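**Student:**
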Amino acid sequence: MIAHVFSDLVLCVTALAVFLVYFQKQPIYNRLLWGIFMMSISLTALAGVFLFAGWDELAYVRESLQRLELTLGAVCMVVASWALINRRDTGRLAFWGTIGVGAGIFLGLAWYGLGVMVQIIQPLCLVITLLIACLGLARRQKSALWVVFSMTLLALAAKSKSIPLPIHPIDVNHYLIALSTFCAGKAAQFEYSILFK
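Residue 444 is where the sequence shown starts when you use this note's numbering, and the numbers rise one by one after that.
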């Protein structure tokens, strides 16, 4: 359990630090979308720290935060990645539309008790984001390559139980997501850089 607490703490701090360091130069609505994505990861990890430390009352809170991360957070990730790759400001309408779609998916799945459908939303968002990154790679954008790295690590994190490593799959999941958030931050850092000059 100590290892789970540590890995969740690493994930929580990494997601928060990456957002504070790398996304401050983004336009306001893009930064807010990235913030929702990163903070949903960070808050879920923080709830996990307390849960694995023995506060079993937080199990439902962590489960709800995890569903929010996999729905609203994933939808925000897609739109924020699109804006990053296309070098655009999402604007107020796109921002609120994204929040509406993500929150609608979250509330709709919770209302109808379709919790298992949550596991479909994130992989779908990963694939869409990878397709967006491929467009950026065709334009030789360095940020697109970092988005590909980030989405690949998120996909590996989802399959962490299948990775034969000497540490627990939960910890593998946390470390891979932490690396993924770092790669997303690097994508923001290299937004205007050209790949292979």
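By construction, the Cβ of each residue, glycine as well, lies at the ideal position given by its N, Cα and C atoms. Note that the coordinates shown come from a computational prediction; the quantities given were computed from them, not determined experimentally.
What number of angstroms, rounded off, separates the C-alpha of V504 from the C-alpha of S603?
**Tutor:** 23 Å
**Student:** Once you ignore the five residues that flank E512 on each side, which residues in its own chain have a CB closer than 7 Å to its CB?
**Tutor:** S483, I484 and T487
**Student:** When you compare the stretch 517 to 534 with the stretch 560 to 571, are there three or more beta-carbon pairs, one atom per stretch, that lie closer than 8 Å?
**Tutor:** yes
**Student:** So who's on the other strand from Q584, going by DSSP bridges?
**Tutor:** Answer by DSSP bridge pairing, in chain order: I637.
**Student:** With a Cβ-Cβ cutoff of 8 Å, do T624 and A458 count as a contact?
**Tutor:** yes
**Student:** Which of helix, strand or coil does DSSP assign to F466?
**Tutor:** DSSP places F466 in coil when its eight states are reduced to three.
**Student:** Exposed or buried, what is Q469 when buried is set at 16 or more other beta-carbons lying within 10 Å of its beta-carbon?
**Tutor:** With 16 or more Cβ atoms within 10 Å of its Cβ, Q469 is classed as buried.
**Student:** L515: beta carbon under 7 Å from a heavy atom of the ligand SAH?
**Tutor:** Among the components modelled here there is no ligand, and therefore nothing to report on the ligand SAH.
**Student:** Find out if the Cβ-Cβ distance for the pair G628, V522 is shorter than 8 Å.
**Tutor:** no
**Student:** Can you tell me whether I548 is buried or exposed, with buried defined as 16 or more other CB within 10 angstroms of its CB?
**Tutor:** buried
**Student:** Between which two residues does the alpha helix (DSSP H) containing D499 stretch?
**Tutor:** Where D499 is concerned, there is no enclosing alpha helix (DSSP H), given that its DSSP letter is neither H nor E.
**Student:** Enumerate in chain order the residues of its own chain whose CB-to-CB distance from V591 is below 6 Å, with the five nearest sequence positions on each side excluded.
**Tutor:** These residues qualify, in order along the chain: A576.
**Student:** Rounded to the nearest angstrom, what separates L552 and F480 at their Cα positions?
**Tutor:** Spanning the two alpha carbons is a distance of roughly 19 Å.
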